[in-house]
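As structure tokens, the structure follows; a few thoughts come after it.
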Amino acid sequence: MTKSFLGRWAAILGLAAGLAFAQAGLTGAAPAPLDPNRSSIVMGDPVALGFDPAKFEAPRAGLSSDVASGKIAGAYLLIGRHGKVAFKEGFGVQGPGQSTPVTDKTIFRIYSMTKPIVSVTAMTLVEEGKLDLDAPVSKYLPEYANLRVWQADGSSVPATRPMLVRNLMSHTSGLIYGFIQPTTPISKAWAAGGENRNDLKARDYARLIAGLPLRSEPGTAWYYSRSTDVLGAVVEVAGKKPLDALVHERVTGPLGMTDTAFFQPEAKRARFAEPAHPESGIYFDYAKPTALLSGGGGISSTAEDYLRFVLMLEGDGRYRGVRILKPETLARMRQDETTPEIRRAGLFFPGAGMGFGLGFSLVKDDTVQRPGAGTFSWWGIAGTEFWVDPKNDVFMVFMVQSRELAMDYQRKNRTWVYDALVKPGAAAQ
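The working numbering numbers the first residue of the sequence shown as 2 and each following residue consecutively.
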């Protein structure tokens, strides 16, 4: 075989490999995953980042006091800016009767902080043309073509508006969470109809939900709800794979989030955070799988892992060279899907000066909300929380297991972070 012949074959094989690589890029093949052993926590000088280090004594004292008084077993707080971390500290232990301290590797149930991850997964399908935000949900789940709306007398009437995919992502679908107003007739009807079942797979669970009455016409009111659980089924249909596989392939895997999953292996049990007061009954066993992969609240994660996701959001969809979303896609997620009428018509608990996009709450008016206008965020029922503040280029991640103190910590976190930020403005470097 001559050198010229070998050269020609090398060229042909090289071209074929190049074409295959290009085709992989066009078809949305997952990027190579980041190294999970290279920590997302890159420390910076707090002063250079615009913070007063002395002001960080407030969260340190506050969380230490809550541990000492038995209010919480432990917590982890991380505050950063310009991609670097200005403050990070674990408090207390991982659970009652334990001696293992909370670290950035402690695994927490993040509950509704699952929703942004699933919403980002959905938007990767939107980018590929496999999912249409403006399409009716019935395009993917046919039973959603025959929805009914609850009436004051306990009857229901056919919905006059279709439920759109973006209604699921913005909680304007008309669906509810029964636990928010558990004594109302519609919530009781939902409970009797099987809302709280977890023995069904996402597709079958979505079918069950379709048979329950809507609280309002789709697109007319904001009610926090099972919408992202139904979105999980839509994602499965559009992506042609189970939800956990799609989340891993499209988001958590590429970002190196190896401790973020719907269910954890038993081998990681020594790192599981537990509440000081488990009486609420919400705390599932991390390592005991159920049939339902809850897109609305089923994931657990660590502060270090979730920071990878947060820094991807801060980076307009890109983190350490791995792009999860295009900047314009993330910008679409940050567009307000609510109106004053929609917020007034429902139970809009994000509050004054806020809106809601596709998977995130949005700060619209920073004269009544502490984070800068444009901040996007969400939280979990056990008190976990994150936000990204583009106006000031600030981010935070908070981990705890305390349903009873969740709202209290939201207020405190805003005070702790923005009292310490003495040089606001994104350009302050």
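Heads up, the beta-carbon is just placed ideally off N, CA and C, and yes, glycines get one too. The model shown is predicted, which means the values in this text are computed figures rather than measured ones.
Quiz item: In terms of residues, what are the limits of the alpha helix (DSSP H) holding Pro159?
Solution: Locating residue 159 in the sequence shown gives position 158, where the first residue counts as 1. Note, Pro159: premise wrong, no alpha helix (DSSP H); beta strand (DSSP E) at Ser157 to Pro159.
Quiz item: So does Gly93 have its beta carbon nearer than 7 Å to some heavy atom of the ligand FMN?
Solution: The ligand FMN is not part of the structure shown, which contains no ligands of any sort.
Quiz item: Taking Cβ to Cβ, would you say Thr380 is nearer than 8 Å to Gln411?
Solution: For the purposes of this step, residue 380 is taken as residue 379 along the sequence shown, with counting starting at 1. For the purposes of this step, residue 411 is taken as residue 410 along the sequence shown, with counting starting at 1. The sequence given here places Trp at residue 380; Thr does not occur at that position. It is a contact, given that the beta carbons lie within the stated cut-off.
Quiz item: How long is the line joining the alpha carbons of Asp420 and Tyr145, rounded to whole angstroms?
Solution: Along the sequence shown, one-based indexing puts residue 420 at 419. Along the sequence shown, one-based indexing puts residue 145 at 144. Using only the alpha carbons, I get a separation of about 47 Å.
Quiz item: Considering only C-alpha positions, which residue in the set Ala207, Thr385, Arg415 and Lys424 is nearest to Pro60?
Solution: Taking the sequence shown and counting its residues from 1, the one referred to as residue 60 is at position 59. Closest by alpha carbon: Arg415.
Self-check item: Arg321 - DSSP class collapsed to helix/strand/coil
Solution: If you number the sequence shown from 1, residue 321 lands on position 320. Here Arg321 sits in coil by DSSP.
Exercise. Go ahead and label Gly71 buried or exposed: buried means 16 or more other beta carbons lie within 10 angstroms of its beta carbon, across all protein chains shown.
Key: Taking the sequence shown and counting its residues from 1, one reaches residue 71 at position 70. By the neighbour-count rule (16 or more Cβ atoms within 10 Å), Gly71 is not buried but exposed.
Self-check item: Proximal residues to Tyr208 (C-beta, below 6 Å), its chain only, five neighbours per side dropped
Solution: In the sequence shown, residue 208 corresponds to position 207, counting from 1. A small correction: the amino acid at residue 208 is Arg; Tyr does not occupy that position in the sequence shown. Within the same chain, Arg208 has close Cβ partners Glu144.
Practice problem: For Arg149, write down the residues that DSSP places opposite it in a beta bridge. | Solution: Looking up residue 149 in the sequence shown gives position 148. Paired residue(s): Pro159.
Quiz item: Skipping 5 residues on each side, what residues in its chain have a beta carbon closer than 8 Å to that of Gln95?
Solution: Taking the first residue of the sequence shown as position 1, residue 95 is located at position 94. Hits under 8 Å: Ala74, Gly75, Thr101, Pro102, Val103, Thr107, Arg272, Phe273, Ala274 and Glu275.
Exercise. Use the C-beta contact count for Asp67: other C-beta atoms within 10 angstroms, 16 or more gives buried, fewer gives exposed.
Key: Position 66 of the sequence shown, counting from 1, holds the residue named residue 67. Classification of Asp67: buried, given that the 10 Å Cβ count is 16 or more.
Exercise. Identify whether Ile42 lies in helix, strand or coil by the three-state DSSP scheme.
Key: Walking along the sequence shown from the start, residue 42 turns up at place 41. Coil, per DSSP.
Practice problem: Determine the burial state of Pro372: buried for a count of at least 16 other Cβ atoms within 10 Å of its Cβ, exposed for fewer. | Solution: Taking the first residue of the sequence shown as position 1, residue 372 is located at position 371. Buried.
Quiz item: Quick one, are the C-beta atoms of Glu305 and Asp36 less than 8 Å apart?
Solution: For the purposes of this step, residue 305 is taken as residue 304 along the sequence shown, with counting starting at 1. For the purposes of this step, residue 36 is taken as residue 35 along the sequence shown, with counting starting at 1. No; because the gap between Cβ atoms is not below 8 Å, this pair is not in contact.
Self-check item: Per DSSP, cross-strand counterpart(s) of Ile210
Solution: Counting from 1 along the sequence shown, the entry for residue 210 is found at position 209. For Ile210, which the question treats as bridged, DSSP gives no partner whatsoever.
Self-check item: Spatial distance of Ala190 from Gly282 (CA atoms)
Solution: On the sequence shown, residue 190 is found 189 positions in, with the first residue counted as 1. On the sequence shown, residue 282 is found 281 positions in, with the first residue counted as 1. Using only the alpha carbons, I get a separation of about 21 Å.
Quiz item: Using 8 Å as the threshold, is the stretch 210-230 in touch with the stretch 296-315, meaning 3 or more CB pairs across them?
Solution: yes
Quiz item: Taking the alpha carbon of Lys242 as the point to measure from, which residue in Val150, Leu176, Lys131 and Phe399 has its own alpha carbon closest?
Solution: By 1-based counting over the sequence shown, the position of residue 242 is 241. It is Lys131.
Quiz item: So is Ala25 buried or exposed if we call it buried at 16+ other beta carbons inside 10 Å?
Solution: Within the sequence shown, the letter at position 24 stands for residue 25. At Ala25 the pLDDT is 40, less than 50, meaning the model places this residue with poor confidence; the figure from the coordinates comes in the next sentence. Exposed: under 16 other Cβ atoms inside 10 Å.
Practice problem: Measure from the alpha carbon of Lys289 to the alpha carbon of each residue in Val398, Pro266 and Leu50, then state which is nearest. | Solution: In the sequence shown, residue 289 corresponds to position 288, counting from 1. Checking every option, the nearest Cα to that of Lys289 belongs to Pro266.
Quiz item: Between the stretch 164-172 and the stretch 213-224, do at least 3 Cβ pairs fall closer than 8 Å?
Solution: yes
Quiz item: When DSSP builds the beta bridges, which residues end up paired with Ile108?
Solution: The residue given as residue 108 occupies position 107 in the sequence shown. Paired residue(s): Phe273.
Quiz item: Taking the continuous alpha helix (DSSP H) assigned at Met431, which residues delimit it?
Solution: In the structure as shown, the chain starts at 2 and stops at 430, and residue 431 therefore has no counterpart that could be examined.
Quiz item: Okay, do the stretch 346-357 and the stretch 145-157 touch, 3+ Cβ pairs below 8 Å being the bar?
Solution: no
Practice problem: Determine the extent of the beta strand (DSSP E) in which Leu406 is found, giving its start and end residues. | Solution: Locating residue 406 in the sequence shown gives position 405, counting from the first residue. Segment: none, Leu406 is in no beta strand (DSSP E) and carries neither H nor E.
Quiz prompt | Beta-carbon contacts of Gly29 that lie in its chain and below 6 Å, excluding the five residues immediately before and after | solution = If you number the sequence shown from 1, residue 29 lands on position 28. Reliability of the predicted coordinates at Gly29 is poor, the pLDDT of 48 falling under 50, and the value obtained from them is presented with this limitation in mind. Answer for Gly29: Glu129, listed in chain order.
Quiz item: Which term fits Ile181, buried or exposed, when burial requires 16 or more other beta carbons within 10 angstroms of its beta carbon?
Solution: Along the sequence shown, read from residue 1 onward, the residue named residue 181 stands at position 180. Exposed, because fewer than 16 other Cβ atoms sit within 10 Å of the Cβ of Ile181.
Quiz item: Three-state secondary structure (DSSP) at Trp388?
Solution: The count along the sequence shown starts at 1 and reaches residue 388 at position 387. Note: Trp388 maps to strand in three-state DSSP.
Practice problem: Please classify Asp200: is it buried, with 16 or more other beta-carbons within 10 angstroms of its beta-carbon, or exposed? | Solution: Residue mapping note: residue 200 aligns to position 199 of the sequence shown, counting from 1. Per the 10 Å Cβ criterion, exposed.
Quiz prompt | Gly318 beta carbon less than 8 Å from that of Arg324 | solution = Within the sequence shown, numbered from 1, the residue matching residue 324 stands at position 323. Within the sequence shown, numbered from 1, the residue matching residue 318 stands at position 317. Contact flag set, yes.
Quiz item: Are the beta-carbon atoms belonging to Val150 and Pro214 less than 8 Å from one another?
Solution: Residue mapping note: residue 150 aligns to position 149 of the sequence shown, counting from 1. Residue mapping note: residue 214 aligns to position 213 of the sequence shown, counting from 1. A contact, by the Cβ cut-off of 8 Å.
Quiz item: Can you tell which of Ser41, Ala277, Asp260 and Ser113 has its C-alpha closest to the C-alpha of Arg270?
Solution: Within the sequence shown, residue 270 is the residue found at index 269, counting from 1. Considering only alpha carbons, the answer is Asp260.
Quiz item: To the nearest angstrom, how far is it from the Cα of Asp46 to the Cα of Ala62?
Solution: Translated into positions along the sequence shown, residue 46 becomes position 45. Translated into positions along the sequence shown, residue 62 becomes position 61. Those two C-alpha atoms are separated by around 21 Å.
Quiz item: Any idea what DSSP makes of Gly75, helix, strand or coil?
Solution: Position 74 of the sequence shown holds residue 75. In this structure, Gly75 counts as strand in the three-state DSSP scheme.
Quiz item: Quick one: what's got a C-beta closer than 7 Å to Glu405's C-beta in the same chain, skipping five residues either side?
Solution: Translated into positions along the sequence shown, residue 405 becomes position 404. Closer than 7 Å at Cβ, skipping near neighbours: His278.
Quiz item: Assuming Met397 and Thr385 make a contact with CB atoms under 8 Å, what is their CB distance in whole Å?
Solution: The residue you call residue 397 lines up with position 396 of the sequence shown. The residue you call residue 385 lines up with position 384 of the sequence shown. So it is not a contact: roughly 11 Å between Cβ atoms.
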